[in-house]
Amino acid sequence: MRGMLLVARRDLAGYLNSMWGYAVIAAVLVIDGLLFNAFAVGDQPKLSSKVIEDFFFIAFGTTIVASILLTMRVIAEERQTGTIVLIDSAPLADWQIVGGKYLSAMMVMVVMIGLTASMPALVFVNGKVSYGHIYAGYLGLVLLAAAVTAIGTFASAISRSQLIAGFLAVMLSVFFVIAWMLAKVSDPPLKDIFSYMSLFDRHYRGFMTGKINVEDIVFFVSLAFVFLVLSSRFMAARRWR
Amino acid sequence: MRSFAAVAALEDNVIEVQGLTRYYGSFPAVRDASFKIADREIVGFLGLNGAGKSTMLRVLAGLLMPSAGKVMIGGVDATEAADALRRRIGFLPEDPPLYREMRVREFLRWVGQVRGCTKAEVESELPKVIETCHLDEVADQVIGELSHGFRKRVGIAQAIIHKPQLVILDEPISGLDPRQIVEMRSVIRALKRTATVLISSHILYEIAQTCDRILVIHKGRIVAEGTEQQLSGTLGEGTRLSIAVRGKVANCEEVLGKSDVVDGYEVAPTDADIVTISVTLKGDKREQLVRELVEAGLGVRSVQDAMGELEQIFLELTRQAGAPAAFESKQSPKHHPEEAQA
Chain S
1 MRGMLLVARR DLAGYLNSMW GYAVIAAVLV IDGLLFNAFA VGDQPKLSSK VIEDFFFIAF
61 GTTIVASILL TMRVIAEERQ TGTIVLIDSA PLADWQIVGG KYLSAMMVMV VMIGLTASMP
121 ALVFVNGKVS YGHIYAGYLG LVLLAAAVTA IGTFASAISR SQLIAGFLAV MLSVFFVIAW
181 MLAKVSDPPL KDIFSYMSLF DRHYRGFMTG KINVEDIVFF VSLAFVFLVL SSRFMAARRW
241 R
Chain B
1 MRSFAAVAAL EDNVIEVQGL TRYYGSFPAV RDASFKIADR EIVGFLGLNG AGKSTMLRVL
61 AGLLMPSAGK VMIGGVDATE AADALRRRIG FLPEDPPLYR EMRVREFLRW VGQVRGCTKA
121 EVESELPKVI ETCHLDEVAD QVIGELSHGF RKRVGIAQAI IHKPQLVILD EPISGLDPRQ
181 IVEMRSVIRA LKRTATVLIS SHILYEIAQT CDRILVIHKG RIVAEGTEQQ LSGTLGEGTR
241 LSIAVRGKVA NCEEVLGKSD VVDGYEVAPT DADIVTISVT LKGDKREQLV RELVEAGLGV
301 RSVQDAMGEL EQIFLELTRQ AGAPAAFESK QSPKHHPEEA QA
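Top line first, the protein sequences correspond to chains S and B. Sequential numbering of the first sequence, starting at 1, is according to the numbering used here. Sequential numbering of the second sequence, starting at 1, is according to the numbering used here.
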C-alpha cells in the first residue's frame, strides 16, 4: 500500500508541475460551462430536473474525454522518457504501480468533477431540484470516471506512445458507449451481452435522472476492476517479453 | 516465493549466472552465458554496441526475466524473488531515468522511499550520497536545468540511495567530458566499499581503469573473462614491448639479432634518428634487453608494454570469435589509431 501511495504522490505532483492537469481541468470546465448555458439551460422554459439531467448528459462526454486525456500519459509517457526504469527497478508489485497511477488520475478527476458543482448549484438555488438527483448524478459521474480512467490506464500500459494510448482508449470507450447500437442489430446471446456492456444507455441514464441502481454501480466498479487487473497483468508480462 | 525479510537477511552477495539466455522475439540477445561474481568486486562487461551487455545487466537488475538459465543472487533465484531482490539492487541505465521537474533532493528522497527505505533511513543516507556523487552545489536545483554530467551523477545517486548491495551501471561515463570521467571513476571506486559493482562499457580504457575483472561479450556470448593481465595471457606467452630508441636501424637490428631474450622483432624508423622497435621477449626480461641496448650505445627514450593494451586483447578475442574489428577507445594514452581502424 505504501508503494502505491508513493507512486500516486509522485504522479499527482507530475500533474500539478507539468500544467497538464490544470489545462485539462480548465478546458473541461470551460466546455461544461458553455454547453450548460447553451444546451442545458437554453432559451426555452424548462423544468429544473430537466436542466440537471441535461447537465449530467453534457458532463458524461466531457468526463470521458478528460479521463482519456489524463490517463493516456500515465505509463506510456514514462516508457517514452525512460523513467519507467525507476519504478520497474523498485521493489514494487505490478498492482502497486498500476494502482498508484490510477489513484493519482482519479484524484485529479474527482477534483475536476467537484469543480463542476457550481452549475447544478445555480439550478438548485434558482430552481426546484432535489439533493438526491444531484447526488445520484455526481455518483454516476465519479463511477464513469473510475471506469474510463481504468480503460485509459490499460491503454497506456500496453502502448509505447501517448498518442497510441489515447487512440486505444478512445476506441475502447466508444465501443462501450455505442454497445447499445450493436445490441439492436445482434441476436441473443450477443444481444444481451452488448446490451449489458452499454455504458451510457443501460448504466448511466439512470444516474442522469436521479436513480441509483445497484446493478449500475456493480457494472462500473467491475469494469474498472477488470481493466486494472488487465493493466497489472500486462505490466508483469513485459518483463518476460 | 521468498519473502522480502528473508531476502533482506541474506549476507552473501555472490552472483552466479548459469546458462543465461535472453531472446527478444526470435533474436537471442544473450546466449548461454555463465559466470560468477564475488562480493564487492567491480566487474566490467566489455563489448561492441549490440553485443548484449545491456540486456545482460537488465536481467541481473530484475528488469527482464531470462528466457532460459538461472541467475542466483546471494543464493536466491532472481526469477523466484525478483521483487524482493530489487530492494538490494541499484540500477543506472545509459540514459539516467530522472523526473526532470523534480528537485535533486526531493527526487532522491522519493526514490529512496519507493525502493523500500523509511523516511528516517533516507534522511540519514541522503547527505552521504550527495557527498559521494558530488551533488552539493545542485542538491536543491530542478533536475531539468542540470548539465549532462550532473544528471549522470544524479542517476548514480538514485541507484545507491537505498544502500544496495549490488550496483549496476550501464555505460556510466558515456557523454561525460574528461574531468567528469575522472570524477565518475572515483565515485565508482567509492561504491566498492559497500557494494558489488557491475559496469558495462565499450570504452576499453575505462573498463581497465575501474574494474577488477572484465567479461568480454560478443554476439551475446561471453568470449573471455579475467583481469587485463589474465586476458593478455590467453593470447600467448611472452612479453611484447614497444621501445623508442635514438640510433640507427642497422645498430638496433644487430643488438636484437644477437640477444638471447628476444623472440621476434620489427624495427621502423619514425624520425630523423629515432627508431621504434616492436619486440616480443622470451618471458618478462625487459631489464636485460634495455641493458643490452644501452651497452650498444643506443639511447633508450621510452619502453611501453604493448601486450597489456586492452584494445589489442579485445581485438584479438573478438576476432577469434568472428567479430567486426570496430570499437571505441576514448581517453586511452596507449591507444594507437591505426590499430583501431584495422
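Virtual Cβ for every residue (Gly too), placed ideally from N, Cα, C. Please read these numbers as outputs of a predicted model, since none were measured by experiment.
Span of the beta strand (DSSP E), counted from its first residue to its last, around residue i
i        : result
B:Asp343 : Residue 343 of chain B lies beyond the stretch modelled for chain B, which goes from 1 to 342, so this question has no answer here.
B:Ile274 : 274–281
B:Arg100 : Looking at the DSSP string, B:Arg100 is not in any beta strand (DSSP E), and its letter there is neither H nor E.
S:Gln80  : It is not in any beta strand (DSSP E) - S:Gln80 instead sits in the alpha helix (DSSP H) that spans 76–81.
B:Leu92  : 89–92
B:Lys70  : 68–73
B:Val14  : Segment: none, B:Val14 is in no beta strand (DSSP E) and carries neither H nor E.
Contact list for residue i against chain B, beta-carbon separation under 7 Å
i        : result
S:Asn17  : Glu101
S:Gly3   : Val114
S:Arg233 : By Cβ distance, chain B contributes nothing, its closest Cβ being about 15 Å from S:Arg233, past 7 Å.
Span of the alpha helix (DSSP H) around residue i
i        : result
B:Ala78  : Per DSSP, B:Ala78 belongs to no alpha helix (DSSP H) and is neither H nor E.
S:Asp94  : 94–115
B:Ile214 : Here B:Ile214 belongs to no alpha helix (DSSP H); instead the beta strand (DSSP E) covers 213–218.
S:Thr209 : Note, S:Thr209: premise wrong, no alpha helix (DSSP H); not H, not E.
B:Glu125 : 119–132
Reduced DSSP category for residue i - H, G, I as helix; E, B as strand; rest coil
i        : result
S:Thr153 : helix
S:Thr63  : helix
B:Lys163 : coil
S:Val218 : helix
B:Lys192 : coil
B:Arg22  : strand
S:His203 : helix
B:Asp305 : strand
S:Ala27  : helix
B:Ala38  : coil
B:Asp32  : strand
B:Val267 : strand
B:Gly44  : strand
S:Ala236 : helix
B:Glu171 : coil
B:Ser200 : strand
S:Leu6   : helix
B:Leu239 : Note that residue 239 of chain B is Thr in the sequence shown, not Leu. Three-state result, B:Thr239: strand.
B:Val223 : strand
B:Val111 : helix
S:Val245 : For residue 245 of chain S there is no data in the structure shown, the boundaries of chain S being 1 and 241.
B:Arg185 : helix
S:Arg241 : coil
B:Arg246 : strand
Cβ shell of residue i (< 6 Å), same chain only, five flanking positions each side left out
i        : result
B:Glu253 : Val267
S:Phe36  : Phe55, Met119
B:Gly257 : none
S:Phe200 : Val177
S:Ala155 : Ala165, Leu168, Ala169
B:Gly220 : Pro28, Ala29, Val30, Arg31, Gly52
Nonlocal neighbours in the same chain, by C-beta distance under 8 Å from residue i, ignoring five residues either side
i       : result
B:Met38 : The amino acid at residue 38 of chain B is misidentified as Met; the sequence shows Ala. For B:Ala38, where only same-chain residues beyond five positions count, the Cβ hits under 8 Å are Val14, Thr196.
B:Ala61 : Arg86, Ile89, Phe91, Ile168
Chain-ordered neighbours of residue i on chain B, where CB pairs are closer than 8 Å
i        : result
S:Trp180 : In chain order: nothing, as chain B lies at least about 40 Å away.
S:Gly14  : Tyr99, Glu101
S:Leu244 : The structure shown does not extend to residue 244 of chain S, since chain S spans only 1 to 241, so no value can be given for it.
S:Trp20  : The contacting residues do not exist; S:Trp20 stays about 11 Å from chain B at best.
Amino acids of chain S, ordered along the chain, whose beta-carbon sits closer than 8 Å to that of residue i
i       : result
B:Ile89 : Ser89
B:Met65 : Arg239, Trp240
B:Pro93 : Gly82, Val85
Where residue i meets chain B, residues with beta-carbon distance less than 9 Å
i        : result
S:Ala93  : Asp83
S:Arg160 : The premise fails here: S:Arg160 is roughly 14 Å from chain B at the closest Cβ pair, so nothing lies under 9 Å.
Nonlocal neighbours in the same chain, by C-beta distance under 7 Å from residue i, ignoring five residues either side
i        : result
S:Ala40  : Val51, Asp54, Phe55, Ile58
B:Ala244 : Ile274, Thr276, Arg301, Ser302
S:Phe234 : Ala157, Ile158
S:Ala8   : Gly100, Leu103, Ser104
S:Leu139 : Phe207, Ile212
B:Phe35  : Val17, Leu215, Ile222, Glu225
S:Lys191 : Ala183
B:Val261 : Leu281, Lys282, Lys285, Gln288, Leu289
Contacts that residue i makes with chain S (C-beta to C-beta distance below 7 Å)
i        : result
B:Val111 : Leu86
Neighbouring residues, chain S, relative to residue i (Cβ below 9 Å)
i        : result
B:Leu146 : In chain order: nothing, as chain S lies at least about 15 Å away.
B:Arg86  : Asp88, Ser89, Ala90, Pro91, Leu92
Next on the checklist: Give me the subset of the region 66–81 of chain S whose CB atoms are less than 7 Å from a CB atom of chain B, sorted by chain position.
Outcome noted: Listed by position, the residues of the region 66–81 of chain S near chain B (Cβ gap below 7 Å) amount to none.
Checklist entry - Mind listing which residues of the region 174–205 of chain S have their C-beta closer than 9 Å to chain B's C-betas, in chain order? => result The residues in question: there are none.
Item to check | Contacting positions in the region 257–281 of chain B - beta carbon closer than 9 Å to chain S | outcome: Residues passing the 9 Å Cβ filter: none.
Checklist entry - Between the region 13–39 of chain B and chain S, which residues of the former have CB atoms less than 7 Å from a CB of the latter, in chain order? => result Listed by position, the residues of the region 13–39 of chain B near chain S (Cβ gap below 7 Å) amount to none.
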